[in-house]
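If you read the protein sequences in the order shown, they are chains A and B.
Residues 5 to 355 (this note's numbering) make up the first sequence, in order.
Residues 794 to 1213 (this note's numbering) make up the second sequence, in order.
Even glycine gets a Cβ: it sits at the ideal position worked out from N, Cα and C.
Scroll down for the structure; my scribbles are underneath it.
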Amino acid sequence: MNPTIGWIRQLAESWGVPAVLVPLVPFLVLLVALYAVIGLAAYGAKRAWPRADKTIAFWLFISPWLIGFLVFTVGPMLSSVYVSLTSWDLITPPKFVGVANYTEAFQDPRVGQAIKVTLLYAVISVPLQTALAFAVSLLMNVDLPGIRLFRTIWYLPSLVSGVAQIVLFLWVFNPQYGLVNDVLGKAGIQGPGWFNDASWALPTVILMSLWTVGGAMVIYLAGLKDVPTSLYEAAALDGAGRLRLFWHVTLPQLSPIILFNVLTGIIGALQIFTQGFIANGGPKDSLLFFVYYLYDNAFQNFRMGYASALAWILFVIIMALTAVTLRGSAFAIYYETEMGGRRRRPRLRKG
Amino acid sequence: MKLRNRLLPFGAGLAALLLAAGCATGSQPAANSGGADENGDITFSFWGTNSEAASLKAIAAAFEQANPGTKVTTNWIQADYEQKLQTSIAAGTQATVIEISNTSLAGFAPSFAEQQVDPTKFVQPNISEALKYDGKYYATPFTAKPKVMAVNLDAFKAAGLPAPSPTTPLSLDEFKTIVAKLSHGEGKKRVYGTSNMWFKGWLTAAGGGFYNADATACTFGDQQGVATAQYIVDLQKQRYAPSSIDIEGQDQAQWFAAGRLGTFSDFGPWTVADFAKISKPNWTLVPVPGKGFPMEVGGLAIAKNASGKKLETAKKFVEFVSTQQVAQDLLIQGNTALGVPIIAASTPTLEKVLPPERNLAAFTTALKTGLISPSVPREGQISGDADKGITSYTPLGSGKDDVAKILPGLNDKCTAALKQ
C-alpha cells in the first residue's frame, strides 16, 4: 500500500473514524488536496486574465467529469497500450514482448471465429432491430385510447438487465422444458436445441435482441412527434398518399435519428458480451463474441497482454465501421438546416 | 492580503505534494495491511456459499479467541474468486492468508510463500501432497472434499435390488447393470438409474485421469478415456442417465427427491444440507463406483510478501485451522459442511450430522481412498478449452460426434498447451 495512504488511514483510525469509513478517508483527503491545487490554479488564472472568468468557471464546473475521464478512461486506455506489448499474468511482472500479441491475434483461428460471430450478429441484428423499432414507433404514434399503456409495455423489456434477460431466455428456449418448444410441440413441430445447437445459438441470440427494441422505439417516437405537420399538409395538398408521405416526409425527417440508432446499434452489437458469457461461448464457439473472447483471455486465461491487444484491435474495427457507416450514409441523411430549411423555433432577439 | 498571498502558494505546494505522494505507486506491493504493517493483524480471503463463509468466519473468530489481541479480518469473495484474487495480487492488496484449492495452486504458487507441512498430522498423506508444487508446499491443507454416491433405497427395493455395500464400491459393470434395472417410464416422468454423468469424475472412477501423474501430458483421450466416454454415452443413449440437455436448468437433487433418480453420483460434503431435507424416498450414501471421483483439497496459502508479525500470525492461523480440533469441528455448521475435516479427531463430527442410516461415514472412507488430480499452471485455460471441446462436439455435452474421433485430437491439443 502507498505509504501516504497508509499514513492517512492510520491517522483516521487514531481519530476514531469508524472502521468501515477508514478506506474512504484517504480518498476524500486526496480529493480535497486536488481541488486545493485546482482552486489555486483557477485563482491564479483569474488574476492573470480577469476577463476569462467564464472560461475558468467552465473548466472548474466540468473538472469532476474531466478528472474522472482522464483517470478512469484515458489513463487505463494508455496503460493498456503498454500492457498489449507485454506478456502479463498479473502474478509475475509483465515481460515486454513487442508486437507479439498482435502477431498472435492475426494468426489465432479463434480471433477469426470471434470476429465472424460478432460481425454476423451486428449485420443481422442491427437492421432487424432498426426496422422493428421503427415499425413499432409508427404504430405507437397513432392517437388511440390506452396507447400510452402500450408504449410503456413495449418499453418495459429494455429495463431488464442483460444477465436477467439471458437467464429468462435460457428458460424460454430450454429444449426440454422451455415455453417455445412446448408451444411448437403442441403444433406438432420438434423444436431445435436453441442455445445448445451450434447452428441455432446465434439466431436465438438475435431473436432475443429484438425483445429490447423499446429504447430505440422511444427515440423514433420522439422524432415522429417532432416532424412538422405542415410538411404532411403541404404534401397532402400536392396529392401525396400515405406511402408517399412516409417515403418523402417521414423517412427523410427521421433519417438523422435512424443514423444515430444504427451507429449506436453497431457499436453496441460489436461490444456484445453478456449473452456469450452466460452461454460460455456457445457450442462449437457459436457464441464466441469478440468481447467475450477478450474477457476469456484476460480473466480466465490470465493473459492480460493478449487481451489488451484484442481490445485495441476491436477499437480499430469499431472506429473503421463507424467511419464507413458515417461516410456511406452521408447521401441519404437529410439535415434540415443544410437543405435550406429554417429553424422551427427561431430565437427572438431581446428588446 | 500579503500574508494570504504568501500562504496560498505554500498551501498549494503542500496539497500538490500530498497529492503526488498519495498517487505515487508504492515501491513494493505489500499484503493488505489495513494501514499498519507492524502489527500482527491479518486478513483472510475465501470463497463459498453462506454456510461455507459462516464456517470460515467462525474459525477466524475462534482463532481470535484463542489468541487474544490478534485480529483476523475476513474477506468473503462471493463470486469470481480467482479473478479477484489475481487482480488483488497485481494491485498488491491481496489478503495475508488466502484459501486456495489444490487444482488452482500451480497457477498462483509464485505469489505464495513456501510452507513447512507435516503430512503425518492428516488422515492420509495424499491430502498434504495435493498442495505441493515443484516439490514444495505452497499451502497447508485444512479440508478435503471427497465425493460419494446417494442411492434411492425405495427405488432399489421396487426394482428388487439389494442396497449397495456402504463401504465397498461397485464395479463399473455392476453399476451399469443396476442403473439399467432402476430406469423406467417415459417422457418427463422418466426415472433414470443415475444422475447426469460427469466425465472427469467417471474417468477417475474407471482408473484413468485427465492428466498423467506428473502433469506432463493430458490423458483423457487415451484408450481408457475413450472407453469411459463411450460408457457414459451408452448409458445416455439407453436413457439410463440423463444427458446434459435433459438436465439443463434442472436441479438434480430435486429430481432425486421426486424419485426420478435411482442414484446420485456427484455428492460432495456441501450437498448434505440439500439432502438432509429429503425423508422420502429413503436414501443412504455409498462409495462412488470403481476408484471414486477425484478429491479436491482446500488449502490455506500465505501471501509471499507477508513479513514480520503478520507472517508469524499467518503461520499460527494456518496451523490452527489445519490441525486444531476446535477449528476442524467448525467446518461443519448445522447440517451442512464446507468439507470433510482432515484430522482424525474431527472426522466423526461430520458423521454425526445425520442419523447413522444415512451413512455419512462414506465420506470418511472416501477421504482415506480419494485420488487427487495433479495441479497444472493455466489449469483454467487448459482444462477449460478441453472441456469446451468435449461438451461442444460429443454427446458428453450437446454435440453428436463420435467420442473416439474427437477425444484423441482434443487430447493432443491439451498436451501441446500443457507443454507451452
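Using DSSP with H/G/I as helix, E/B as strand and the rest coil, what is Pro1149(B)? helix
Are the Cβ atoms of Thr1157(B) and Thr1129(B) separated by less than 7 Å? no
I need the straight-line Cα distance from Gly828(B) to Trp19(A), nearest angstrom please. Its pLDDT being 40, under 50, Gly828(B) is placed unreliably in this model, and the value from its coordinates should be taken loosely. For Gly828(B) and Trp19(A), the distance between alpha carbons rounds to 14 Å.
In its own chain, which residues sit with a C-beta less than 8 Å from the C-beta of Gln1023(B), not counting the 5 before and 5 after it? Val1196 and Ala1197
Verify whether the separation of the beta carbon atoms of Val26(A) and Ala137(A) is less than 7 Å. no
Cα-Cα, which of Trp92(A), Gly182(A) and Ala205(A) is closest to Ser290(A)? Ala205(A)
What residues in its chain sit with their C-beta under 6 Å from that of Leu1028(B), if we drop five residues either side in the sequence? Ala1034
Beta-carbon of Leu94(A) versus every beta-carbon of chain B: anything under 7 Å? yes
Could you compute how far the alpha carbon of Gln275(A) sits from the alpha carbon of Val209(A)? 14 Å
Once DSSP output is grouped into helix, strand and coil, what is the label at Glu1(A)? Absent from the model: residue 1(A). The displayed extent of chain A is 5 to 355, so no value can be given.
Ignore the nearest five residues each way along the sequence and tell me which others in Gln162(A)'s own chain have a CB closer than 7 Å to its CB. It is Ser, not Gln, that sits at residue 162(A) in the sequence shown. Here the set comprises Thr216, Gly218 and Gly219.
If you measure from the beta carbon of Ile60(A) to each beta carbon in chain B, is any gap under 7 Å? no
Counting contacts by CB-CB distance shorter than 7 Å, is Phe293(A) in contact with chain B? no
Got a sec, what are the start and stop residues for the beta strand (DSSP E) Gly1127(B) sits in? Careful: Gly1127(B) lies outside any beta strand (DSSP E) and carries neither H nor E.
Could you tell me which chain B residues have their CB closer than 7 Å to the CB of Tyr181(A), listed as they occur along the chain? Gly1042
Contact criterion: CB-CB distance below 7 Å. Does Gln279(A) meet it with respect to chain B? no
Rounded to a whole number of angstroms, what is the C-alpha to C-alpha distance between Ala1094(B) and Pro1170(B)? 16 Å
Span separating the alpha-carbon of Gly1163(B) from that of Leu124(A): 48 Å
Span separating the alpha-carbon of Thr960(B) from that of Gln1016(B): 29 Å
Within a Cβ cutoff of 7 Å, which residues of the same chain sit near Ile223(A), ignoring the five residues on either side of it in sequence? Ile261 and Asn265
Beta-carbon spacing of Ser921(B), Pro939(B) below 7 Å: no
Contact set between the segment 144 to 176 of chain A and chain B, restricted to residues whose Cβ is under 9 Å from the partner: Leu174 and Trp175
Take the Cβ of Glu845(B) as the centre, count every other Cβ of all protein chains shown within 10 Å, and call the residue buried at 16 or more, exposed below. buried
Do Ala1137(B) and Val941(B) come within 7 Å of each other at the CB atom, strictly closer than that value? no
Where does Ala23(A) land, buried or exposed, given buried means 16+ other C-beta within 10 angstroms? exposed
Mind checking Ile1199(B): buried by the 16 CB within 10 Å criterion, or exposed? buried
Is the CB-CB distance between Tyr926(B) and Ala906(B) below 7 Å? no
Starting from Lys938(B) and walking both ways along the beta strand (DSSP E), at which residues does that stretch end? Thr933 to Lys938
Spatial neighbours of Gly269(A) in its chain, beta-carbon cut-off 7 Å, leaving aside the 5 residues before and after: Val130, Gln133 and Thr134
Can you say whether Asp1059(B) is buried or exposed, counting buried as having 16 or more other CB atoms within 10 angstroms of its CB? buried
Backbone CA spacing between Ala932(B) and Lys1109(B) [nearest angstrom]: 13 Å
Beta-carbon neighbours of Ala883(B), restricted to chain A and to distances below 7 Å: Leu94
Provide the residue(s) that pair with Pro1167(B) in DSSP beta bridges, ordered along the chain. Pro1167(B) is not bridged to any residue.
Going by DSSP in three states, Ile1095(B) sits in which element: helix, strand or coil? strand
Reduced DSSP secondary structure (H/G/I, E/B, other) of Glu979(B): coil
Would you tell me roughly how many angstroms separate the C-alpha atoms of Tyr39(A) and Ile852(B), rounded to the nearest one? 45 Å
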